[in-house]
Structures are given as C-alpha cells and as structure tokens.
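First the structure, in the form of structure tokens, and then the observations on it.
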Amino acid sequence: MSETHQQELRVAITGGTSGLGLALVRELVDRGALVAFIARHREAVERISREHPAASGIVGDVSRKDDIHPIAIQVLGALGGLDVLVNNASSLGPVPLVPLADTDCEDLERALATNLLGPFRLTKALLGSLAASARGGGRPLVVNISSDAAVTPYAGWGAYGASKAALHHLSRIWSEELASEGIRIISIDPGDMDTPLHALAVPDADRSTLKSPDAAAREIADLIAAPVPGTAQFASREPEVVR
Amino acid sequence: MIPASTATQRSQNARLLVIDERGAITHRARADFQTLVRPGDVVVANDAATLPASLAGIHMPTDSIVEVRLAGRDSLLPRDVTRFTAVVFGAGDFRTPTEHRPHPPLKHAGDELRLGPLRAMVLTVLAHPRLIELRFENPGADIWEGLARHGRAIHYAYVPEPLAIWDTWTRIASVPVAFEAPSAGFLLDWTVIGALRARGAAFATLTHAAGLSSTGDAELDRLLPLDEPYDIPASTAALIEACRDRGGRVIAIGTTVVRALEHAARADGTVRPGAGTATQRIGPHTRLSCVDAIVSGTHEPGTSHYDLLGAFQDDDVLHRMEREADVHGYRTHEFGDSVWLARAARDCSPRRSIFVTAPRDTGFSAFHGHSRGLSSRLDASRQ
Chain D
1 MSETHQQELR VAITGGTSGL GLALVRELVD RGALVAFIAR HREAVERISR EHPAASGIVG
61 DVSRKDDIHP IAIQVLGALG GLDVLVNNAS SLGPVPLVPL ADTDCEDLER ALATNLLGPF
121 RLTKALLGSL AASARGGGRP LVVNISSDAA VTPYAGWGAY GASKAALHHL SRIWSEELAS
181 EGIRIISIDP GDMDTPLHAL AVPDADRSTL KSPDAAAREI ADLIAAPVPG TAQFASREPE
241 VVR
Chain U
244 MIPASTATQR SQNARLLVID ERGAITHRAR ADFQTLVRPG DVVVANDAAT LPASLAGIHM
304 PTDSIVEVRL AGRDSLLPRD VTRFTAVVFG AGDFRTPTEH RPHPPLKHAG DELRLGPLRA
364 MVLTVLAHPR LIELRFENPG ADIWEGLARH GRAIHYAYVP EPLAIWDTWT RIASVPVAFE
424 APSAGFLLDW TVIGALRARG AAFATLTHAA GLSSTGDAEL DRLLPLDEPY DIPASTAALI
484 EACRDRGGRV IAIGTTVVRA LEHAARADGT VRPGAGTATQ RIGPHTRLSC VDAIVSGTHE
544 PGTSHYDLLG AFQDDDVLHR MEREADVHGY RTHEFGDSVW LARAARDCSP RRSIFVTAPR
604 DTGFSAFHGH SRGLSSRLDA SRQ
C-alpha cells in the first residue's frame, strides 16, 4: 500500500462529469493516473464511469457537509490513498448572473458552500492521506480551480467572484502552512473555457473565442506531473495562477 | 473511573498521567505532551481513518433486526473489501450498553443479511455464536458506497449524543481501515506535530486496522484483539532505525502502534517495513523489542488494552497508576484523558547490547508463541 504512489499517481477530481473536470478525468486516465471523480448526479457519474471504466465514479455533493466524509471514504476506498486532489466543482451563484444588490443571500451561501467550504472540508478530510503520501516520499498536491473573477471585480459576478477570491486566498495561506508537511496547495485560473458553467454565465458568448477545456486540462495535467524543484522552495512561492 | 461522555478529541482540560521508566508518577496537562518528547525521539502514530463499521439491518432467515459491527479483515488492500470478521448484536443501538443488548438470532453459514443497501452472506460462525465471517455480495465500489453511506461509527452508550464519523477521525486520519478510532491519536493535531519536529523529534506513522475494544460479552472479549492487518511504510522503518542508532526513544501513540511495531520488530529493535498481520497478544510476559513508551487512553483492568500496558510496567506500578487516575478523577475511554507509560528500565546498558547478550528466545519467540495460541483458537472454530 505504501508503495503504490510510486507507480501510479492517485488523483481525485470534484465536478468530474462535465467541463474542465471531465476533461481532467480523461487526460489523467490517459496518462496512467489512478483517478476517482465526484459529481452530484448519479446518471452522469454512471455514464462517465461506463466511458472510462478505469476511473472510479463517486456520487456526492461537496457543498453538503454530510457528504464530505462519505466522499473521502469512497475516494480512499477506490485509490487506497491520495496524491492529488483537484477541487474543481464550482457554483456560479445566481443564474442568470445578477448584480450583488439583486443577489439573494441563499445564492451567495450556495456559492460559498460549493466554492469555498466544500474545498476546505474535503481537503481537510483528505489531508491525512496527502500528508501520508508526503511522508512516504510522494509530492502531494491540492489544485484549487480559481478564476480571474477572483482577482478582477467583474460586475454581475459577485457571488462567484467573492467565493473564488476567498478560495484563492485560502490556498495561499494553506500553502504557507502546509509546506512543512510537504503538501503543496496551488490555485489555478484555467481561463475562460467553453464549458456548461460558462454557457450558464454568458449564454450569448462567441464560443470560438473560448479555450477548450481539453487544452486547460492538458496544462493542469502537465503541472501535476511536473518535477518540483524541492518542495519547500516551491511551496514558499506564491501559488501560481496560470492562464 | 468516569467515562468521558462528549465527543471532544482535544479537550482543553485533558490530562496526562505520566509514569516514567522508574515507575514514578506525575500529573501533567495533556497540552504539555510534546514537552515530554526529547530531541532524537521518534513519535509513531496510527494514521488509519475510522470506517463507519456499524451496519444496521435484517437477518433474513428470521426476519429479525440486527446490528453488525465489522471487526476484522484479512488485509488493508482497497480491493480486499468483500470478506470481514464481524460481531452481531440483536435489536437496538448504541444507546443500550453493549452488555445489555439482546442477543441476535442464531446464525448459520449461508444465512443472508440485508444491511441497508448491502447484502451479505454468513460464511462461517467463528469461535463464538456472535462472531461471524461474512461476505458482501455487492460489487466492490458498491460496498464502499454502502459502508460510507449506510454505516455509522461504532459507538458506546457512555457518549449519549450520536457520533458523526468525523468525531472518530484523528487529524492525521488517512485510509479508512480502522473499525474503531485509533483514539490515542486524538491528542495530535498539526500544531503538535509541528512542535514535535521543532523539538528535534521525528514524526512517523503506520496504518493499523484497529479492531473492537469491547463487545459487552465476556467470552467474546476474551478473543480480543482479533488479528489486525497493518502496513509500515519504509520511511517509518527508516526513521525508527535512525532513532535507534542515535539512542532516541520510540514513542508509540496507542496500543495499535505497539502491536504493529512489536509484531514487525527485529531483535535489534528495528522493524520490517511493509504489510503484515498482528496476531500476537501483548501482556506482562511480552518483552518489548522496539517501543520505549506508549501514550494511550486510560484503560480499565481486564481489557486487552490494559493487559498490553503490562509489557511496559509491572503490576505494582499499574495498580498505583490506576489508583492515581481514580483518585484524581481521570476520565476514561476514547474521548478521555491520557497516560504516558515508559517501559520500565531493565538495566543501564544501551538497548542493542541487551540483545547481543540476551538469549534470542526471551522476547521475540515468546510473543510468536502467543500468536499461535490465538490463531489456533480462531482456526479451530473455522473448521
């Protein structure tokens, strides 16, 4: 059990049945990683599981506190440990997008539950496994999917932007704190992608100008697989925001 | 002693009863735990997460309500999730003390159990009518989902509020293979682990499938602990060897760590890395090869956990420890106070020289003798 991570990277991806998450499942399975993916809807999880029998599909909602440990148990049951967690599942908040003054509190809460509390709770539940990976000589990594809306105040993106800004800052602080455990936490902005989430936010976007989620998944997979120039040195830098 | 009745892992008021290698007793705040650790020591904890191992359901042949508590498994491999040793209880739940729970219906090989979404078959009735080997009939991924969604943490009546599964996960909890929480590890958090390293000590883990601590049935309890699979990472074995070389102490967080390390120990106090199954009983007659001190919950005489403490200090010291804990109102069980128990000093020479001069059969083969005893008791009933 303690040896497996040397052969196959064990990766869990939330929001793994559409958009960037699905592209990551495909990319990482193709590259030989052991992959578990999590999504809310059983039909979608079963469909993607049929398409990718090598990946383990798990039904769960990261925004629900009571789902976190059942998700963690199934991830660890499927993979036997964990090297990489990708917190990708995201909520836009109110759809269609509205100004903050017209945002219901419940919509803001939902965005925070999915984009901030969910990644915090799931990372905490899996932290013991990530630390075990580090002690065993692995180089565990948490990738939090962020957005340029975390940095730039786009009108209409209040719930999403505020929750992603909080996630981005959480990543930066956690990265400082967990460097001593050998765990890296990075926040990545994959760019404006042609995904169902983007279509909900900007229904009339010119899709030809949008990045494909496959391209973003390749970039993130490169980053996950990239050699690290000494864990402490890497983790003491600012988390990278790539575009 | 009074049971700790709230599920607080790191109570501000938690205390630590410290028994040094000469048997001298002092009272400390558990928050001072790391100050007892010296530069060069290695602290070893069990990083098993707790499986929701209590499954409510129906014994189909008699249509009666049962609770099945998973208690053992052949290995820690994720795919090896089909066959378990389990203890069966009659109707009711954790609110009734286990010793007052009604008996379950008699089971026979081939009986079907419906445990929420899980279907299981009784393969064998083992050394006791309530101790069975079962096989889940669902596919592997469905078994994990069924356990994760339908299972509850094993829970005893002295904690009146329902336990959430996260109440049973230590801060370092990794793979979910323990049937009950390796609760000595509740005293650790990431701040404490950082403080240990800052003191120049090493922190290491192993994974050990901690089993049931009690069943409420004296005859069944005599079979505890059951065989428990464990895994010792190569990095942990290396840290222990380095600790031995520099004359540091191996400090085990919990009885499960003692059981795994001593099972894997070589005569020179180093350990074999990798997977194994701890089958031995540790008690007053065990000569410890690896562990120098244990940090544990307070345990009551007559339990296998208490017996294990007998390998560290003699009866006289343990009785004084009991009395001190009683008089000073230490709280017992998994959310209670803790004990630091150093192995009694044997002589003044360094450890390695003891084993160079001592006959080989003093400790190592002694506990293998015990292991044969327990295994044969279980095996006999399997036939």
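As they're listed, the protein sequences go chains D and U. Per my numbering, the very first residue in the first sequence carries number 1; after that it's consecutive. Per my numbering, the very first residue in the second sequence carries number 244; after that it's consecutive. We put the CB at the ideal spot given by N, CA and C, even for glycine.
| Item | Value |
| --- | --- |
| What is the C-beta distance between S146/D and I188/D, in whole angstroms, given that I count them as a contact (C-beta under 8 Å)? | 6 Å |
| List, in order along the chain, the chain U residues whose C-beta lies closer than 9 Å to that of G80/D? | L319, L320, P321, R322, V418 |
| In terms of DSSP beta bridges, what is T450/U paired with? | D474/U |
| Rounded C-beta distance between H270/U and R281/U? I'm assuming under 8 Å. | Wrong, their Cβ atoms sit about 20 Å apart, outside the cutoff. |
| Throw me the rounded Cβ distance for the L92/D and A201/D pair, which I believe falls under 8 Å. | 6 Å |
| With a cut-off of 8 Å, does the C-beta of L170/D fall near any C-beta of chain U? | no |
| Between the region 477 to 503 of chain U and chain D, which residues of the former have a C-beta closer than 7 Å to a C-beta of the latter? | A477, S478 |
| For chain A, is any of its Cβ atoms less than 8 Å away from the one on E471/U? | The structure shown contains no chain A; its protein chains are D and U. |
| Within 7 Å: the Cβ of I301/U and any heavy atom of the ligand NAD? | Of the ligands one can find in the structure shown there are none, so the ligand NAD has no counterpart to examine. |
| Alpha helix (DSSP H) containing V560/U: first to last residue? | 558 to 570 |
| How many Å lie between H296/D and G15/D at the Cα? | The structure shown does not extend to residue 296/D, since chain D spans only 1 to 243, so no value can be given for it. |
| Grab me the residues of F337/U's own chain with a C-beta within less than 7 Å of its C-beta, minus the 5 sequence neighbours each way, in chain order. | H398, Y399, A400 |
| Quick check on S90/D: does DSSP put it in helix, strand or coil? | coil |
| With 16 as the cutoff for other CB atoms within 10 Å, does A54/D come out buried or exposed? | exposed |
| Out of V330/U, R357/U, L430/U, I537/U, point me to the one whose CA is closest to A296/U's CA. | V330/U |
| So what does DSSP say about N256/U, is it helix, strand or coil? | coil |
| Any idea which residues DSSP pairs W583/U with across the strands? | V261/U, V538/U |
| DSSP has A363/U in a bridge; who is on the other side? | L356/U, F379/U |
| Just to confirm my understanding: we take T249/U, look at its own chain, exclude 5 residues before and 5 after, and list those with CB closer than 8 Å. What are they? | V402, E404, F578 |
| Can you confirm whether the region 532 to 543 of chain U touches the region 312 to 330 of chain U when touching is taken to mean that 3 or more C-beta pairs between the two stretches lie within less than 8 Å? | no |
| In chain order, what residues of the region 133 to 147 of chain D put their CB closer than 8 Å to some CB of chain U? | R135, G136, G137 |
| Determine the closest residue to S49/D out of D67/D, G81/D, V29/D, I68/D, with distance taken between C-alpha atoms. | V29/D |
| Hey, how far is the Cα of A447/U from the Cα of C486/U? | 11 Å |
| Can you tell which of V514/U, E565/U, P419/U has the C-alpha that lies nearest to the C-alpha of P476/U? | V514/U |
| Label A272/U either buried or exposed according to how many other C-beta atoms from any shown protein chain fall within 10 Å of its C-beta, with 16 as the threshold for buried. | exposed |
| If I'm right that R378/U touches L366/U with Cβ under 8 Å, what's the distance once you round it to whole angstroms? | 5 Å |
| According to the neighbour-count rule (16 or more other Cβ atoms, all chains shown, within 10 Å of its Cβ), is P249/D buried or exposed? | Residue coverage of chain D in this structure runs from 1 to 243, which leaves residue 249/D outside it and unanswerable. |
| Under 8 Å, do T411/U and A396/U count as touching if we go by C-beta distance? | yes |
| Does A447/U get closer than 8 Å to chain D when you measure Cβ to Cβ? | yes |
| P119/D touches chain U at which residues, Cβ-Cβ below 9 Å? | The contacting residues do not exist; P119/D stays about 16 Å from chain U at best. |
| Below 7 Å on C-beta distance, what does A215/D contact in chain U? | None at all; the shortest Cβ gap to chain U is about 31 Å. |
| Compare the C-alpha of D290/U against each of E567/U, D474/U, P348/U and name the closest. | D474/U |
| So is G128/D in contact with chain U if we call contact Cβ pairs under 8 Å? | yes |
| Quick check on D385/U - is its C-beta less than 8 Å from some C-beta in chain D? | no |
| Do the CB positions of G283/U and G512/U come within less than 8 Å of each other? | no |
| Which of the three DSSP states is assigned to A407/U in this structure? | coil |
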